[in-house]
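Step one of this worksheet: look at the structure below.
Number of protein chains: 4
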Amino acid sequence: VSNLSHVELYTPRPDESLTFFRDVMGMEVSAQEGQSVYLRAFGEYPHHSLVLTERDRPGLGHVAMRVEAPEQVAGFADRLGAAGVEVARVDGGSEPGQGDGIRFADPAGHTVELFHDFARAVPNRPSKLRNQPEAYPGRGIEARRLDHVNLFAPDVRAAREFFQQHLGFKLREGLQLDDGTEVGAWMSVTTNVHDVAVMRDQAGGGPNRLHHVAFWLDSREAMLRAADVLAEHEVPIEAGPAKHGITQAFFMYLFEPGGNRVELFSGGFQIFDPDWEPVRWTEAEIARSIIWWGSPVPEAYFAYGT
Amino acid sequence: VSNLSHVELYTPRPDESLTFFRDVMGMEVSAQEGQSVYLRAFGEYPHHSLVLTERDRPGLGHVAMRVEAPEQVAGFADRLGAAGVEVARVDGGSEPGQGDGIRFADPAGHTVELFHDFARAVPNRPSKLRNQPEAYPGRGIEARRLDHVNLFAPDVRAAREFFQQHLGFKLREGLQLDDGTEVGAWMSVTTNVHDVAVMRDQAGGGPNRLHHVAFWLDSREAMLRAADVLAEHEVPIEAGPAKHGITQAFFMYLFEPGGNRVELFSGGFQIFDPDWEPVRWTEAEIARSIIWWGSPVPEAYFAYGT
Amino acid sequence: VSNLSHVELYTPRPDESLTFFRDVMGMEVSAQEGQSVYLRAFGEYPHHSLVLTERDRPGLGHVAMRVEAPEQVAGFADRLGAAGVEVARVDGGSEPGQGDGIRFADPAGHTVELFHDFARAVPNRPSKLRNQPEAYPGRGIEARRLDHVNLFAPDVRAAREFFQQHLGFKLREGLQLDDGTEVGAWMSVTTNVHDVAVMRDQAGGGPNRLHHVAFWLDSREAMLRAADVLAEHEVPIEAGPAKHGITQAFFMYLFEPGGNRVELFSGGFQIFDPDWEPVRWTEAEIARSIIWWGSPVPEAYFAYGT
Amino acid sequence: VSNLSHVELYTPRPDESLTFFRDVMGMEVSAQEGQSVYLRAFGEYPHHSLVLTERDRPGLGHVAMRVEAPEQVAGFADRLGAAGVEVARVDGGSEPGQGDGIRFADPAGHTVELFHDFARAVPNRPSKLRNQPEAYPGRGIEARRLDHVNLFAPDVRAAREFFQQHLGFKLREGLQLDDGTEVGAWMSVTTNVHDVAVMRDQAGGGPNRLHHVAFWLDSREAMLRAADVLAEHEVPIEAGPAKHGITQAFFMYLFEPGGNRVELFSGGFQIFDPDWEPVRWTEAEIARSIIWWGSPVPEAYFAYGT
């Protein structure tokens with residue numbers, strides 16, 4: 416697996432969700448098909464990194480990742496099938512801009528998609544800067560790119576092992592209770608400290624639950640500017656700005672109009688060492704691991720998902 | 416009155432308080448006399464902006480302001496005396512670097528000092544930049560200067576009127592309950608949105624109570640860097656980083672080892688309009704007035720003072 | 416004199432200048448009358464801080480300052496007249512939003528206006544934040560307010576003395592050649608290090624020459640973001656980002672479409688000391704005084720004015 | 416190849432170079448052996464990222480990269496040998512903290528080292544933050560980690576092809592003259608836009624020439640703060656702060672006391688797309704490719720190397 420490609424969110428308020436991601440987050444619309452709108456951020460070349468699909472309640476549609484080469488799709492299908500995972504083929508073109516892919520569920524019921532071929536977006540406002548797809552927005556909060564997705568799971572260990580064994584993710588940081596229960600796993604296939612995280616669903620909700628999807632801002636100062644923009648738009652901010660211990664993220668959490676939690680993320684750190692030893696946080700360190708500095712997150716942070 | 420000059424804090428742990436202000440806040444020591452240490456920040460030319468005095472419990476020693484010219488000291492003494500305020504003379508030299516002054520109490524019992532003549536500090540690490548007294552620290556959190564003082568008072572209106580009528584302060588922002596009770600007043604003699612604030616003491620403590628003393632950081636990013644430095648030094652952060660509605664301050668509150676609350680302050684706005692109309696916040700707006708964005712302050716914020 | 420109020424710029428390309436200040440600088444239009452458009456920045460309550468007036472060539476219309484109280488206008492008129500300065504009355508209402516004022520020329524021929532009464536602007540996008548007139552823009556470069564004006568003069572000393580003696584400005588910093596010639600003076604009536612600066616016109620142009628008008632950005636990071644926005648708009652940047660020694664400004668200089676130089680300004684420092692001793696820079700320090708760090712300004716910086 | 420590990424610099428002024436990297440850059444000393452000192456930055460777990468070795472003139476000792484697994488060292492040795500590259504074995508322990516490795520020269524004569532096993536540094540000031548080796552410095556300019564190395568080569572194409580074909584680097588951006596001559600290549604094995612760059616040596620110097628070694632700062636604001644720290648230390652700044660078009664780096668270049676050029680780097684962008692198409696800059700775009708905004712670099716930037 417090469418990298419996280421895009422996330423599909425369900426929203427019961429599609430128009431307001433679209434307005435939010437386009438005008439407040441500063442994203443661009445790539446396509447509109449059926450009940451879905453496809454968007455991307457100003458720093459992203461591929462066709463889309465976010466899909467908004469109308470549904471009666473918020474939630475996660477699917478999480479899509481790209482593999483290094485087109486021929487690897489079949490290899491993953493074979494290996495997953497051999498491991499007893501049910502794999503569905505997704506024909507190229509059934510999603511705008513995407514080539515052939517596969518879909519399957521992780522142990523917590525999240526739909527994961529793998530594919531390689533991806534059309535380049537046609538810029539709406541081409542940048543004069545040759546290595547940037549869209550002109551610097553100068554509007555909204557100017558999210559540069561999708562960063563990661565954080566999934567709720569009843570059994571964190573099972574989900575973590577699935578991503579490690581079947582998809583090649585590396586465990587970067589982990590949070591474990593004194594009785595051995597894993598309550599959080601931060602994993603990546605890139606130098607990011609996480610492309611995918613799994614946290615224990617304390618509400619004990621059903622399968623396929625989403626904690627949040629995160630977008631990258633270019634600086635911590637951009638985060639503070641974003642807070643001003645969000646305040647004027649009366650977007651509900653759940654927590655932050657503050658700094659996580661785990662991932663060292665400078666963050667804010669907010670809710671998009673459809674009810675899904677969105678993280679704005681900047682800072683953090685990158686992992687280059689080939690022999691990275693996963694950072695293990697203990698039960699005694701939970702508070703510090705969530706909040707290195709800044710105010711505590713509210714209780715609902717641990718229970719609310721979509 | 417020209418400007419806020421310095422604040423004297425009492426501390427039961429003088430050595431730790433000194434270490435904190437010198438090594439963590441990045442201030443310079445100007446003098447040490449008796450049970451007091453005199454400090455200044457890297458951007459301050461005058462002899463000191465902070466006095467740490469050993470006492471058995473934390474609290475406010477006095478708040479000192481400078482007047483525009485030496486001859487005004489006597490004028491203030493006369494006018495205050497005529498208004499029934501008890502005024503004590505402070506001979507030049509009784510405090511290091513200071514010329515003749517006067518002291519008196521505001522209606523809430525805070526000791527206020529007025530003076531003009533003030534020695535320039537001898538830089539410890541002279542800056543190569545001609546308009547800066549000390550070299551840019553490159554260490555600690557790099558507070559540039561004292562910004563303001565926030566006083567607890569049982570009767571905010573009385574204190575506000577005193578500062579306005581006797582000392583020439585202008586009311587910049589005010590917070591009032593629906594029953595007419597004033598619970599906060601932010602006042603200045605400069606373009607700052609406040610040099611002195613008065614807030615209602617909800618704990619109903621005695622006279623001469625301090626809510627906090629605030630130091631200026633050069634940027635919001637400096638505030639976030641400060642949070643990292645403070646976290647490593649295990650300095651307790653009470654609230655923030657967040658943005659006040661009133662004053663638009665980007666802030667953090669922490670406790671120095673002696674127990675006094677210190678605010679780190681950046682951002683905000685300046686007032687140049689000669690006909691500034693005080694901004695009036697109502698009871699319904701209290702939450703927004705305290706926190707424009709960021710997490711709520713803890714309950715103790717409204718009750719704890721020294 | 417209370418503060419710098421507004422600056423009138425002449426522009427041969429009024430439509431493009433308006434588009435620039437509104438869409439790129441992020442300012443708001445207050446009124447349009449005759450050949451003039453009146454604008455203000457998002458953080459300014461008064462009616463306007465910038466007037467764009469169509470003329471066949473760029474230049475300075477006038478520089479307007481407010482006095483502390485309406486009755487002071489006549490006092491200034493009397494004192495200036497007694498000093499041999501020709502004073503013209505400007506009736507209230509002859510400029511939108513303004514009350515009675517006077518106009519006169521400084522020794523270098525710049526038209527200076529004094530007045531007090533000024534209408535408040537009606538916000539286009541009222542902020543939900545009670546102490547801010549317009550909502551945080553979230554677009555363009557988000558200039559918060561007019562900061563200062565920098566005037567070219569053949570005789571800096573004469574101009575400086577005029578502002579000090581007749582208008583109550585204080586000299587904050589000065590640059591002088593070894594032969595005693597003053598080549599720059601930075602003066603203020605507020606805590607700003609300068610509200611008005613005068614620099615020697617090396618091109619020896621005519622009277623009433625402008626070096627630049629400066630707008631305040633809220634942070635140095637906002638300056639860097641502005642550079643990205645300006646680059647995409649292909650606005651010519653003359654110099655910066657860099658840091659001036661004098662004023663400690665973090666700056667960029669650019670040209671608005673009419674040809675006038677505009678400075679973007681953040682950082683700097685404030686002066687609270689009532690006994691501030693002007694900082695004197697010498698001929699040997701010219702380079703450091705202009706550029707504390709960053710690349711040198713081009714030669715045209717010292718010669719081009721409008 | 417997994418990532419860039421460390422760079423060895425020769426310096427004729429070893430004491431001053433050490434003082435610079437330790438006290439101004441804010442790095443930590445890991446070991447001192449023979450004529451070499453081994454340093455690392457506060458965010459780096461491995462034993463060292465910089466080696467300073469005393470020599471009579473400045474220059475590049477070697478560039479070291481880590482491979483994904485220990486057994487890959489021999490594989491690289493075999494393949495390079497088969498391709499006619501002379502490969503020398505480096506026994507584990509001959510450099511402090513390092514396991515077995517190999518050394519060889521690229522076509523421009525730079526010594527490249529490959530190895531895997533690397534001891535973890537023993538922190539001098541262990542961070543209370545579990546995923547950070549050293550406490551946040553709070554001093555100096557606080558470089559977080561080594562970022563990349565930029566090599567001078569008489570034949571850019573030959574060097575680029577070597578790194579691509581033998582070491583698995585991907586070309587991210589390239590600069591080519593109209594006559595087809597390649598004058599710059601930016602390559603990476605990670606999500607960085609470059610771990611290694613090669614630029615044409617316009618001075619036509621000998622083999623093994625270094626343009627610069629770059630260290631990462633956590634924010635653009637940290638860069639500006641660094642400029643203040645460097646100015647007070649009178650460190651010569653060659654160029655910047657400004658933004659490169661290529662790599663989108665926000666940068667400054669300076670010279671360490673030994674004469675080697677050091678870049679401070681923040682911002683930029685990351686590449687996640689598995690089908691990244693190298694960005695091709697043309698001769699007409701050279702100016703924009705070097706400086707997206709900010710002042711031009713001096714002529715010596717293209718000719719001076721060590």
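As you go down the protein sequences, you meet chains A, B, C and D in turn. Read in order, the letters of the first sequence are residues 416 to 721 in this note's numbering. Read in order, the letters of the second sequence are residues 416 to 721 in this note's numbering. Read in order, the letters of the third sequence are residues 416 to 721 in this note's numbering. Read in order, the letters of the fourth sequence are residues 416 to 721 in this note's numbering. Even glycine gets a Cβ: it sits at the ideal position worked out from N, Cα and C. Being a predicted model, the structure only gives us computed values, none of them experimental.
With a threshold of 7 Å between beta carbons, is residue i in contact with chain B?
| i | result |
| --- | --- |
| residue 722/A | With chain A covering only 416 through 721, there is no way to say anything about residue 722/A. |
| residue 687/C | yes |
| residue 634/C | yes |
| residue 550/D | yes |
Ordered along the chain, which non-local residues of its own chain (more than five positions away) have a Cβ less than 6 Å from that of residue i?
| i | result |
| --- | --- |
| residue 480/C | 416, 419, 420, 529 |
| residue 629/B | 562, 563, 678, 680 |
| residue 457/A | 549, 552 |
| residue 599/A | 590, 614 |
Below 8 Å CB to CB, which residues in the same chain sit around residue i once its five sequence neighbours on both sides are set aside?
| i | result |
| --- | --- |
| residue 672/B | 426, 428, 431, 432, 434, 435 |
| residue 503/C | 517, 518, 519 |
| residue 694/B | 587, 588, 589, 661 |
Quick check on residue i - is its C-beta less than 7 Å from some C-beta in chain D?
| i | result |
| --- | --- |
| residue 704/C | no |
| residue 565/A | no |
| residue 598/B | no |
| residue 722/B | Because chain B here runs from 416 to 721, residue 722/B falls outside it and cannot be looked at. |
Should residue i and residue j be called a contact, given that it needs their Cβ atoms to be closer than 7 Å?
| i | j | result |
| --- | --- | --- |
| residue 668/A | residue 653/A | yes |
| residue 675/C | residue 473/C | yes |
| residue 455/D | residue 469/D | no |
| residue 602/A | residue 608/A | no |
| residue 559/D | residue 493/D | no |
| residue 660/C | residue 703/C | yes |
| residue 460/B | residue 535/B | yes |
In this structure, does DSSP put residue i in helix, strand or coil?
| i | result |
| --- | --- |
| residue 638/C | helix |
| residue 686/A | coil |
| residue 581/A | helix |
| residue 551/D | coil |
| residue 410/B | Here chain B has residues from 416 to 721 only, and residue 410/B is not among them. |
| residue 486/B | coil |
| residue 706/C | coil |
| residue 457/A | coil |
| residue 668/A | strand |
| residue 528/B | strand |
Using a Cβ-based criterion (distance less than 6 Å to any ligand heavy atom), does residue i qualify as near the ligand ADP?
| i | result |
| --- | --- |
| residue 568/A | Of the ligands one can find in the structure shown there are none, so the ligand ADP has no counterpart to examine. |
Quick one: is residue i near chain C, going by C-beta distance under 7 Å?
| i | result |
| --- | --- |
| residue 606/B | yes |
| residue 710/D | yes |
| residue 715/D | no |
Apart from the five residues on each side of it in sequence, which residues of its chain come closer than 7 Å, Cβ to Cβ, to residue i?
| i | result |
| --- | --- |
| residue 507/D | 513, 514, 515, 532 |
| residue 687/D | 606 |
Taking 7 Å as the CB-CB cut-off, is residue i touching chain A?
| i | result |
| --- | --- |
| residue 400/D | Past the edges of chain D, shown from 416 to 721, lies residue 400/D, and the structure says nothing about it. |
| residue 631/B | no |
| residue 559/C | no |
| residue 417/D | yes |
>> Closer than 8 Å is the cut-off here; do at least three beta carbon pairs connect the region 425 to 439 of chain C with the region 448 to 455 of chain C?
In response: They touch, by the three-pair rule.
> Does the region 504 to 521 of chain B come within contact of the region 529 to 540 of chain B, defined as at least 3 CB pairs closer than 8 Å?
Replying inline: yes
>> Does the structure place the region 612 to 623 of chain C close enough to the region 545 to 553 of chain C that three or more beta carbon pairs sit under 8 Å?
In response: Cβ pair count under 8 Å is below three, so no.
> Per the contact definition of three or more C-beta pairs closer than 8 Å, is the region 579 to 596 of chain A in contact with the region 632 to 650 of chain A?
Replying inline: no
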